[in-house]
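Residue numbers (the numbering used here), protein chains in the order written: chain B, 228 to 342; chain P, 244 to 358. Glycine included, every Cβ here is placed at the ideal spot set by N, Cα and C.
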Amino acid sequence: KAGVTQTPRYLIKTRGQQVTLSCSPISGHRSVSWYQQTPGQGLQFLFEYFSETQRNKGNFPGRFSGRQFSNSRSEMNVSTLELGDSALYLCASSRDDSTNTGELFFGEGSRLTVL
Amino acid sequence: AQSVSQHNHHVILSEAASLELGCNYSYGGTVNLFWYVQYPGQHLQLLLKYFSGDPLVKGIKGFEAEFIKSKFSFNLRKPSVQWSDTAEYFCAVGGSYTGGFKTIFGAGTRLFVKA
Numbered sequence: 228k229a230g231v232t233q234t235p236r237y238l239i240k241t242r243g244q245q246v247t248l249s250c251s252p253i254s255g256h257r258s259v260s261w262y263q264q265t266p267g268q269g270l271q272f273l274f275e276y277f278s279e280t281q282r283n284k285g286n287f288p289g290r291f292s293g294r295q296f297s298n299s300r301s302e303m304n305v306s307t308l309e310l311g312d313s314a315l316y317l318c319a320s321s322r323d324d325s326t327n328t329g330e331l332f333f334g335e336g337s338r339l340t341v342l
Numbered sequence: 244a245q246s247v248s249q250h251n252h253h254v255i256l257s258e259a260a261s262l263e264l265g266c267n268y269s270y271g272g273t274v275n276l277f278w279y280v281q282y283p284g285q286h287l288q289l290l291l292k293y294f295s296g297d298p299l300v301k302g303i304k305g306f307e308a309e310f311i312k313s314k315f316s317f318n319l320r321k322p323s324v325q326w327s328d329t330a331e332y333f334c335a336v337g338g339s340y341t342g343g344f345k346t347i348f349g350a351g352t353r354l355f356v357k358a
């Protein structure tokens, strides 16, 4: 059974640019959550999608957005990149339908560097 | 505010030493509790979880954790660590928060085990 797949694995952008990250969940998982991981901060919750609907959103500015497609694949977009957006962006899928508080299965992440 | 607090950011132990990593959370409702581990170069994976029942839960690789409801704590323990336990450990709490269900993570504890 394939795990959670994230692309691209590494990318470098400059301030002001935008970036789109992609996530393919485990087959059959309909919940996809996104987290930002930075040293010393742990994982900060960005948002969660289920059946193409955003069910929950963290405390990030509107520059951070996402969407989910009918096949449960998800994308997140960050516009007008800032130096502080440099981080590892993690996608996690869950088999829970009613909530997304069960076990999360993580991808390897997309490491974004903003110069 | 809803939060997960891990007591130590860095821990250094010698092989065969005992390990205890503290985790406290601020939340009054029903929660699911987790410890995740991130080995160097690998993705986050579940170490153990507590949903209900026996508050002492056992996970993979000899790890265990005890849920103490009155203290809002879920500490991770291992009687004898090995060099291969070198990793970053994250405590996580899943529940219904403002805006919906989500899983919140602590800042992580980096464990280094000396051979």
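A distance of 8 Å or more separates the beta carbons of residue 231 of chain B and residue 304 of chain B. Going by DSSP, residue 316 of chain B is part of the beta strand (DSSP E) stretching over 314-321.
Residues of the same chain with a CB within less than 8 Å of the CB of residue 291 of chain B, apart from the 5 flanking positions on each side, are 273, 274, 303, 304, 305 in chain order.
The beta carbon of residue 253 of chain B is closer than 8 Å to those of 228, 229, 230, 231, 320, 322, 332 in its chain, skipping five residues each way along the sequence.
Excluding residues up to 5 positions away in sequence, 263, 264, 265, 266, 308, 309 lie with their Cβ nearer than 7 Å to the Cβ of residue 318 of chain P in the same chain. Against chain P, the CB of residue 275 of chain B has a partner CB under 8 Å away; the residue lies at that interface. Under a 10 Å Cβ-count criterion, residue 330 of chain B is classified as buried, with 16 or more other Cβ atoms of the shown protein chains found around its own Cβ.
DSSP places residue 358 of chain P in no beta strand (DSSP E); its state is neither H nor E. Within chain B, 326, 328, 329, 330 have C-beta atoms less than 9 Å from the C-beta of residue 275 of chain P, given in sequence order. For the pair of segments examined, the region 337-344 of chain P was found not to touch the region 278-287 of chain P: the number of CB pairs separated by less than 8 Å stays below three. With the criterion set as a beta carbon lying under 9 Å from some beta carbon of chain B, the members of the region 343-358 of chain P are 343, 344, 345, 346, 347, 348, 349, 350, 351, in sequence order.
When C-beta distances to chain B are compared with 7 Å, the residues of the region 310-337 of chain P below that value are 333, 337, in chain order. Beyond the five residues adjoining it in sequence on each side, residue 337 of chain P comes within less than 6 Å, by CB distance, of 275, 346 in the same chain, given in chain order. With 16 or more other Cβ atoms inside 10 Å of its own Cβ, residue 328 of chain P counts as buried. Chain B places a beta carbon closer than 8 Å to that of residue 292 of chain P, counting this residue as a contact.
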